[in-house]
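Note that the protein sequences, when read in sequence, are chains A and B. For the first sequence, our numbering assigns the number 222 to the initial residue and increments by one for each residue that follows. For the second sequence, our numbering assigns the number 1313 to the initial residue and increments by one for each residue that follows. Glycine included, every Cβ here is placed at the ideal spot set by N, Cα and C. This report refers to the structure that appears directly beneath it.
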Amino acid sequence: MKTQLLEMIRKDIGNFPGMPGAASKLLALLNNTETPLAEIEAILRYEPGLTANVLRLVNSAYFGISKKIGSVRQAVLLMGWKRLTQLVLASCVSAIMDKPVSGYDLVPGDLWRHAVAVAVASEGLAKLLNVGGVEEIFTAGLLHDVGKMVLGRFVEEHRVDMEVESYRERSFEQVEREIFGMDHAEVGALILSKWGLPEDLVLAVRYHHEPDKAPKPLSTVDIVHVADIVSLMIGIGVGREGLQYEVSNEVTSRLHLETRHIERIASETLQWVHAFTASMQPE
Amino acid sequence: MSGENRDLRSGTIYQNKGEHPVGLMNHIVAVGDMKVGANGDTLVTHALGSCLGLMVYDPVARVGGLLHAMLPLSKINPQKASENPYMFVDTGVPELFRQLYEIGGQKARMVIKAAGCGQPLGNSEMFKIGERNYTVLKKLLWKNNLLLEAEDVGGVISRTVYFDLSNGQVVISSKGEKREL
């Protein structure tokens, strides 16, 4: 049965929406060392709706830029083009991730709010802990649970098997793997690979619940792991499985994490999420 | 089951099911927020993970309040606490009682119930925010000669609370199952 399920899951991953053209064209520029301003402008010129959404994000209270940014060029000059690319991607996936997710019992908007929470909490943690080299952590946080969108209907169908007594003390992704042969983190990583996203992003999504199994220790993985659990604890996008995920002690010691760091980030995350998402409502 | 949750979370009032506390008005209490009300109101809070849900009711005055506090002590972020005392147990609980006294509640009659305070799996002490929330609550109550009447705390589950202010009934919902507290 597991083989059959796995086949169905793989088929659904294959049918999952592709990354919209503008975002994938911009992502292809990520390996550039110099600012490809002209290319970015050329790509966004034909996407007025997307550009308007991105500029709303640029001007959101989350970034706290005091003057109003009215053009792609200004945004690139002020925030850097990598940041702008992150926001293009955020605009593109928000429409996909805004949907309800069965199985995990997430109502419309829950998964997206959780995604934004983990993105902003990850950035906040990286800053608080002085961890460098994690430029793409915002995107990693944003996309870490995208696999739930595919696995949800299978979780819904196998609810009874997944909630038996013997699984109660097991981390939920292990239960998924036991039942389906694949967990939502791996499903997410396969979606990101399909989208052609960079390897570190794929790894961050793949190992966000099991950072100790990553082929190499990666700060992005460790921080997303912590930010995810904190966001669930404070109830942002917490689903039917609740807090049934295990915290890695290796991660907390690698990051030199202390109680005060966790509580400080928890106290700020709600407002950061609000600052970011409020801008996405059309005026 | 999940369909029910979904409708409830959008604030729909079930007049015909008889299994939920039904009031004239459902008021949603967000994370890090608090609401007080009177007979006829139902206070609802969703997604209690490690946060504390505190329900306080005066059955004579028929007034009550629900606090959804995120963290134990305000000293972690004093600026946040001054903007929003409901984020923290040590500042939110006294404020809840103060507001209940203002609308006719009396300390000696208060019925106090707690829910939430869960935690993830593993033995990491620093992630036991739920346990610390509960400890700070117990200390506060003890110092003020108050007792918890009932509680549904701990574990990995996420809880939703329905608090009916016409009779003080508290119903906890988790994984589509409901039970009275």
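For residue i, I'd like the list of residues in its chain whose CB is within less than 6 Å of its CB, leaving aside the five on either flank, ordered along the chain.
| i | result |
| --- | --- |
| A/Glu357 | Leu422 |
| A/Asp331 | Gly458 |
| B/Val1482 | Met1367, Lys1425, Phe1475, Leu1493 |
| A/Leu226 | Phe401 |
| B/Ser1386 | Ala1393, Phe1400, Asp1402, Thr1403 |
| B/Arg1491 | Ile1484 |
| A/Pro269 | none |
| A/Asn274 | Ser312 |
Rounded to whole angstroms, how far is the Cβ of residue i from the Cβ of residue j, which I believe are closer than 8 Å?
| i | j | result |
| --- | --- | --- |
| B/Asn1445 | B/Val1401 | 5 Å |
| A/Arg334 | A/Thr498 | 7 Å |
| A/Ser343 | A/Ala448 | 4 Å |
| A/Pro257 | A/Leu250 | 5 Å |
| A/Ala243 | A/Leu265 | 7 Å |
| A/Thr254 | B/Met1438 | So it is not a contact: roughly 39 Å between Cβ atoms. |
| B/Val1473 | B/Thr1357 | 5 Å |
| A/Arg485 | A/Leu349 | 7 Å |
| A/Val505 | A/Leu424 | Since the first and last residues shown for chain A are 222 and 504, residue 505 of chain A lies out of range. |
| A/Ile261 | A/Val293 | 6 Å |
| B/Cys1363 | B/Ala1342 | Between B/Ala1342 and B/Cys1363 the Cβ distance is about 11 Å, and since that is not below 8 Å, they are no contact. |
Give me whichever residues DSSP pairs with residue i in a beta bridge.
| i | result |
| --- | --- |
| B/Lys1490 | B/Ser1485 |
| B/Asn1346 | For the record, residue 1346 of chain B in the displayed sequence is Met; it is not Asn. DSSP output for B/Met1346 lists B/Leu1379 as bridge partner(s). |
| B/Thr1354 | B/Asn1338, B/Asp1476 |
| B/Glu1463 | B/Ala1426 |
| B/Leu1360 | B/Arg1471 |
| B/Met1367 | B/Leu1378, B/Lys1425 |
| A/Val322 | A/Leu327 |
| A/Glu467 | B/Leu1433 |
| B/Phe1400 | B/Leu1383 |
If I measure Cβ to Cβ from residue i and keep anything under 8 Å in the same chain, skipping five residues before and after, which residues do I get?
| i | result |
| --- | --- |
| A/Glu467 | Ser392, His430 |
| A/Lys289 | Asn280 |
| A/Lys320 | Pro329, Leu332, Met370 |
| A/Ile286 | Val279, Asn280, Leu299, Met300 |
| A/Ala406 | His365, Gly368, Glu394, Val426, Arg427, Tyr428, His429, His430, Glu431 |
| A/Ile234 | Val371, Val408, Leu411, Ile412, Lys415 |
| B/Gln1418 | Asp1370, Val1372, Ala1373 |
Mind pulling the chain B residues with CB within less than 9 Å of residue i?
| i | result |
| --- | --- |
| A/Ile230 | Under the 9 Å cutoff, chain B gives no residues; its nearest Cβ is about 20 Å from A/Ile230. |
For residue i, return the contacting residues in chain A, with the cut-off set at a CB-CB distance below 7 Å.
| i | result |
| --- | --- |
| B/Ile1424 | Within chain A, no residue comes near B/Ile1424; the closest Cβ sits about 22 Å away, beyond 7 Å. |
| B/Ala1359 | Gly456, Val459 |
| B/Met1399 | Ser488 |
| B/Asn1389 | Arg485, Ser488 |
| B/Ile1469 | Gly463 |
Going by the beta-carbon positions, is the gap between residue i and residue j smaller than 7 Å?
| i | j | result |
| --- | --- | --- |
| A/Val339 | A/Ser440 | no |
| A/Ile455 | A/Ala496 | no |
| B/Asp1464 | B/Ile1441 | no |
| B/Leu1420 | B/Gly1365 | Looking at the sequence provided, one finds Ala at residue 1420 of chain B rather than Leu. Not in contact: B/Ala1420 and B/Gly1365 (Cβ atoms no closer than 7 Å). |
| A/Gly463 | A/Leu327 | no |
| B/Val1423 | B/Tyr1369 | yes |
| A/Leu308 | A/Ile444 | no |
| B/Leu1460 | B/Gly1349 | no |
| A/Ile483 | A/Phe237 | no |
| A/Ala505 | A/Val426 | As displayed, chain A neither begins before 222 nor continues past 504, which places residue 505 of chain A out of reach and without an answer. |
| B/Gly1434 | B/Tyr1398 | no |
| A/Leu372 | A/Val408 | yes |
| B/Leu1379 | B/Leu1408 | yes |
| B/Gly1377 | B/Cys1429 | no |
| A/Leu271 | A/Ser312 | yes |
| A/Val297 | A/Leu305 | yes |
| B/Val1468 | A/Gln295 | no |
| B/Pro1432 | A/Ile450 | yes |
Can you pull the chain B neighbours of residue i, defined as C-beta to C-beta under 7 Å?
| i | result |
| --- | --- |
| A/Arg475 | By Cβ distance, chain B contributes nothing, its closest Cβ being about 13 Å from A/Arg475, past 7 Å. |
| A/Thr480 | Met1438 |
| A/Leu491 | Val1343, Gly1344 |
For a contact meaning CB atoms closer than 8 Å, what does residue i contact in chain B?
| i | result |
| --- | --- |
| A/Gln395 | The contacting residues do not exist; A/Gln395 stays about 10 Å from chain B at best. |
| A/Ile450 | Pro1432, Phe1439 |
| A/Tyr267 | Here the premise fails: no neighbours, minimum Cβ distance about 37 Å. |
| A/Val468 | Pro1432, Leu1433, Gly1434, Ser1436, Phe1439 |
List the residues of chain A whose Cβ lies closer than 9 Å to the Cβ of residue i, in chain order.
| i | result |
| --- | --- |
| B/Ala1484 | Residue identity check: residue 1484 of chain B is Ile in the sequence provided, not Ala. Under the 9 Å cutoff, chain A gives no residues; its nearest Cβ is about 13 Å from B/Ile1484. |
| B/Cys1363 | Met454, Ile455, Gly456 |
| B/Lys1392 | Ser488, Glu489, Gln492 |
Near residue i, which residues of its chain fall below 7 Å by C-beta distance, leaving aside the five closest residues on each side in sequence?
| i | result |
| --- | --- |
| A/Val494 | Arg334, Val337, Ala338, Val341, Ile457 |
| B/Val1372 | Arg1421 |
| B/Gly1323 | For B/Gly1323, the predicted model reports a pLDDT of 34, less than 50, meaning its position is unreliable and no value from the coordinates is stated. |
| A/Arg398 | Asp404 |
| A/Ser469 | Pro432, Asp433, His446 |
| A/Arg475 | Pro438, Asp443 |
Any beta-carbon of chain D closer than 7 Å to the one on residue i?
| i | result |
| --- | --- |
| A/Ser392 | The structure shown contains no chain D; its protein chains are A and B. |
Run down chain A in chain order and give the residues with a C-beta less than 8 Å from the C-beta of residue i.
| i | result |
| --- | --- |
| B/Leu1383 | Glu484, Ala487, Ser488 |
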